[in-house]
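S.K.: Residues in the sequence shown are numbered from 139 upward in steps of one, following this note's numbering.
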Amino acid sequence: MIGRNKREAGQKTPSGRLIIGSKGIGKLAGFGIASTIEVTSWKDGLQSTVTIDRTKIQDLHGLSDYELKIATAKTAHTNGTKIRLFGLNSELTLPQQEAVRRHLFRVLPRKAKFSVSLNGVECSAEDVPGTRHPISAKIPGVGVVNGFYIVASARQPNPGLAVRVRGRMVKEGSLYGLDTRTHGFFTAEKIVGEVNAEFFDPEKGSKKTGSLINTTRDGFLEDSPVVHAFDEWAQNFLKAIIQGVDESENTRRTNALLERPGIRDRLEKMPEHVRGTAHECPVISQTTSSGCNLVTPRN
């Protein structure tokens with residue numbers, strides 16, 4: 139039923155998953171780019187198809203006045219759903235199909251035996267080369283977050299931590315207000331990841347308040363103390379990662395320079411107190427009798 143909040147009664151799926159939606163209007167989202175929506179669903183040997191034409195419901199005083207005719211038939215098709223959009227808006231500049239596939243894979247829940255295809259091609263992730271690390275933390279007074287982050291081998295177009303709630307992406311990758319030029323401009327742009335934060339949408343009857351997800355489901359209520367506490371944690375978490383990566387990179391560069399025979403020989407000829415200072419430099423570019431000049435290039 140369009141416009142009905144199925145979560146008011148705490149309704150869950152047959153597998154026990156909490157219903158994601160709450161406004162009952164997502165069924166009409168396709169009308170943002172198309173004039174007709176056709177939905178075909180296969181379930182346990184039965185095929186059901188319904189077609190909704192926007193022109194036929196625009197003049198109604200209430201959607202309840204419009205009767206949806208559902209055509210049913212027996213089928214051997216495996217369980218699943220297909221949505222087709224017709225009459226696409228000619229004024230829109232649609233993205234490339236591969237970009238849409240990557241986006242759908244990223245924002246939709248990831249569950250076993252569940253996949254999404256676009257025009258017959260399964261949606262998949264864009265592989266990000268780099269080192270992957272787990273995230274598991276408890277934010278005092280807020281809740282638990284779990285997920286991962288990747289220190290990528292190269293700068294990423296959308297760096298930062300994304301947030302999932304009930305498996306669905308609610309907030310895209312963000313650096314949470316970090317001044318990237320102060321806290322490691324290039325390093326910050328190499329960090330991507332995501333965390334699950336169920337406390338933003340607690341189950342009905344829990345001690346927590348209601349959902350903190352905004353009505354468009356693309357972010358959170360900014361004036362919430364819970365949101366503020368999470369944002370502060372995320373910023374500090376990312377800052378610590380950036381500092382750790384920078385220190386590791388500086389150590390790697392220093393060790394690589396010290397392995398060069400010319401630099402090692404020059405260091406050995408210096409007085410001990412100068413040699414110790416040179417070894418402590420994050421990156422050695424040139425040594426002199428009075429110390430060292432530092433260069434900290436960013437990749």
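Note that the Cβ used here is the ideal one computed from N, Cα and C, for glycine as well.
#1: Is it true that the CB of Asn284 sits closer than 8 Å to the CB of Ile277?
#2: How far does the beta strand (DSSP E) with Leu223 in it extend, from its first residue to its last?
#3: For Phe358 and Asp403, I'd like the C-alpha separation in whole angstroms.
#4: Taking buried to mean at least 16 other C-beta atoms within 10 Å of its own C-beta, is Arg436 buried or exposed?
#5: Any heavy atom of the ligand NAP within a distance shorter than 7 Å of the CB on Leu395?
#6: Quick one: give me the first and last residue of the beta strand (DSSP E) that Leu299 is part of.
#7: Check the C-beta distance from Phe286 over to Ser262 and give it rounded, since I have them as a contact under 8 Å.
#8: Does the structure place the segment 290-307 close enough to the segment 317-331 that three or more beta carbon pairs sit under 8 Å?
#9: Can you grab the Cα-Cα spacing for the pair Arg390 / Asp384, in whole Å?
#10: Does the structure place the segment 175-195 close enough to the segment 148-159 that three or more beta carbon pairs sit under 8 Å?
#11: Is Ala172 closer than 8 Å to Gly225 when the C-beta atoms are compared?
#12: Provide the residue span of the alpha helix (DSSP H) that contains Ser186, from first to last.
#13: Go through its chain and collect everything with a Cβ distance to Ser253's Cβ below 6 Å, but skip five positions before and after it.
#14: What residues are listed by DSSP as bridge partners for Phe358?
#15: Which residues in the same chain have their Cβ closer than 6 Å to the Cβ of Val282, if we skip the five residues on either side of it in sequence?
#16: For Leu206, which residues of its own chain have a beta-carbon under 6 Å away from its beta-carbon, when the five flanking residues on both sides are left out?
#17: What first and last residue would you give for the alpha helix (DSSP H) that runs through Asp264?
#18: So, for Ile288: in the same chain, excluding its five sequence neighbours on each side, which residues have a beta-carbon less than 8 Å away from its beta-carbon?
#19: Helix, strand or coil for Ala214? Go by DSSP, reduced to three states.
#20: Can you tell me the Cα-Cα spacing of Gly429 and Lys407, whole angstroms?
#21: Buried or exposed for Arg398, please, with buried defined as at least 16 other CB atoms from any protein chain shown within 10 angstroms of its CB.
#22: What separation, rounded to the nearest whole angstrom, lies between the Cα atoms of Ser427 and Leu316?
M.R.: In short, the structure shows the following:
#1: no
#2: In this chain, the beta strand (DSSP E) harbouring Leu223 covers Gly218 to Phe224.
#3: Approximately 58 Å, taken between the alpha carbons.
#4: Note that Arg436 has pLDDT 41, beneath the 50 cutoff, so the model's placement of it is unreliable and the number below is only indicative. Exposed: under 16 other Cβ atoms inside 10 Å.
#5: Absence of the ligand NAP from the depicted structure is noted, as is the absence of any ligand whatsoever, leaving it without description.
#6: Gly298 to Val303 is the extent of the beta strand (DSSP E) around Leu299.
#7: Contact flag wrong, Cβ pair sits at about 17 Å.
#8: yes
#9: Distance between the alpha carbons of Arg390 and Asp384: 10 Å.
#10: no
#11: yes
#12: Taken as a continuous stretch (DSSP letters only), Ser186 belongs to no alpha helix (DSSP H), being part of the beta strand (DSSP E) at Leu184 to Asp191.
#13: So the qualifying residues of the chain are Glu260.
#14: Ile351
#15: Lys276
#16: Val188
#17: Asp is not the amino acid found at residue 264; the sequence shown has Glu there. Glu264 -> no alpha helix (DSSP H), and no H or E assigned at all.
#18: Excluding sequence neighbours, Ile288 sits near Val266, Gly268, Thr269, Arg270, His271, Ile329, Val330 and Gly331.
#19: coil
#20: Caution applies to Gly429, whose pLDDT of 40 falls short of 50 and renders its modelled position unreliable; the value that the coordinates give is listed next. Their Cα atoms are separated by approximately 13 Å.
#21: exposed
#22: Confidence at Ser427 is low in this model, with a pLDDT of 36, below 50, so the placement of that residue should be treated as unreliable; the coordinate-derived value is given next. Between Ser427 and Leu316, the C-alpha separation is close to 39 Å.
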